[in-house]
Amino acid sequence: MPELIEVELYRRAAATAVGRTIESVATVDPLLLRQGIAPSTLAGALVGRAVTRARRHGKLLVVDLDAGPA
2 MPELIEVELY RRAAATAVGR TIESVATVDP LLLRQGIAPS TLAGALVGRA VTRARRHGKL
62 LVVDLDAGPA
């Protein structure tokens with residue numbers, strides 16, 4: 002489990018992406034995805050969406066996205 006300070010550093014790094022649109026998704030290790038979710042499914046859900054906020058909830062990093070292209 003990451004330490005609180007590590008998560009805060011990741012949040013600050015993710016905050017630099019606020020306002021940017023996701024153009025592509027690379028899945029380095031498909032085994033890290035939940036069972037039954039294909040890398041192409043993940044990419045389809047994320048590409049075209051913009052990062053609206055990066056926040057921390059305890060030791061969790063949460064990155065909020067917009068609704069995506071209409």
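For what it's worth, my numbering labels the leading residue of the sequence shown as 2, then goes sequentially. Quick reminder that beta carbons are idealized off the backbone N, C-alpha and C, glycines included.
List the DSSP bridge partners of L61. H58
Helix, strand or coil, according to DSSP, for V52 in the structure here? strand
Please report the distance separating the alpha-carbon of P31 from that of S25. 16 Å
Reduced DSSP secondary structure (H/G/I, E/B, other) of T42: helix
Whole angstroms are fine: how far does the CA of V52 sit from the CA of A18? 6 Å
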